[in-house]
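Mind the numbering: the sequence shown is residues 5 to 142 in the numbering used here, read in order. A short worksheet on the structure shown next.
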Amino acid sequence: MSADLVPPELAAEHDGAGITIAIVDSGVNFDHPHLRIRGRGAAIVRDGVELEIRPGEHRDRYGHGTCCAALIHALAPGASLLAVRVTGERPTTDADRLALGIEWATAQLSPLARFVVDRFLPDGDGYGVRRLFVFDGE
5 MSADLVPPEL AAEHDGAGIT IAIVDSGVNF DHPHLRIRGR GAAIVRDGVE LEIRPGEHRD
65 RYGHGTCCAA LIHALAPGAS LLAVRVTGER PTTDADRLAL GIEWATAQLS PLARFVVDRF
125 LPDGDGYGVR RLFVFDGE
């Protein structure tokens, strides 16, 4: 991946320094060859019927979150990344786990933080429908 994905005038002015981007997905492997950066995060885990937050257990089991992180890092190499794993034994999640992941990520960021959750949601025909959710602090 390269910065050629970003318009040169934008890349010259903004590398993401000073911001944190939350990746609410399948986790992130920060030691992956396309990243090799420091990062932090947590997993949202269902323990019976209760959900619990497990800081440090953000390792990606499926690769999707790591791929998203690598793309973000290529476009904004100066940004800090925060991984929130909302998947379990299978590469799926539920609304409660996703909501708690977003809430936890928001609590870790500054009050003026903005981040995007990019998910593919099934539509009535079984095809994925891309939804982008943007959250602004306060």
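Even for Gly, the Cβ is constructed at its ideal location relative to N, Cα and C.
Simplified DSSP assignment, three categories, for R101: The residue you call residue 101 lines up with position 97 of the sequence shown. Helix.
Spatially closest choice to G92 from R101, S84 and L85, by CA coordinates: Stepping through the sequence shown from its first residue, residue 92 is reached at position 88. The residue with the shortest Cα to Cα distance from G92 is R101.
8 Å Cβ cutoff met for H77 and I106: Counting from one through the sequence shown, the residue named residue 77 turns up at place 73. Counting from one through the sequence shown, the residue named residue 106 turns up at place 102. Taking C-beta atoms as the reference points, H77 and I106 fail to come closer than 8 Å.
Exposure of A21, with buried meaning 16 or more beta-carbon neighbours within 10 Å: The residue you call residue 21 lines up with position 17 of the sequence shown. Burial call: exposed.
Three-state secondary structure (DSSP) of A83: By one-based count along the sequence shown, residue 83 stands at place 79. It is coil, neither helix nor strand.
Assigned exposure category for V53 - 16 Cβ within 10 Å defines buried: Here residue 53 corresponds to residue number 49 of the sequence shown, with the count starting at 1. Label assigned to V53: exposed.
Proximity of L39 and A87 at Cβ, strictly below 8 Å: Taking the sequence shown and counting its residues from 1, one reaches residue 39 at position 35. Taking the sequence shown and counting its residues from 1, one reaches residue 87 at position 83. Result no, Cβ atoms of L39 and A87 do not sit closer than 8 Å.
Pairwise C-alpha distance: D29 and R50: Reading the sequence shown from its first residue, position 46 is the one you call residue 50. Reading the sequence shown from its first residue, position 25 is the one you call residue 29. The C-alpha of D29 is placed about 15 Å away from the C-alpha of R50.
Given L23 as reference, the closest of P95, S84, A103 and V90 once Cα atoms are compared: To locate residue 23, count along the sequence shown from 1; it is residue 19. It is Ile, not Leu, that sits at residue 23 in the sequence shown. Checking every option, the nearest Cα to that of I23 belongs to S84.
Alpha-carbon spacing of A26 relative to E56, whole angstroms: Within the sequence shown, the letter at position 22 stands for residue 26. Within the sequence shown, the letter at position 52 stands for residue 56. Spanning the two alpha carbons is a distance of roughly 18 Å.
Beta bridge counterpart(s) of E54 as assigned by DSSP: Position 50 of the sequence shown, counting from 1, holds the residue named residue 54. DSSP output for E54 lists D51 as bridge partner(s).
Per-residue DSSP class, three states only, for T96: If you number the sequence shown from 1, residue 96 lands on position 92. Correct three-state label for T96: coil.
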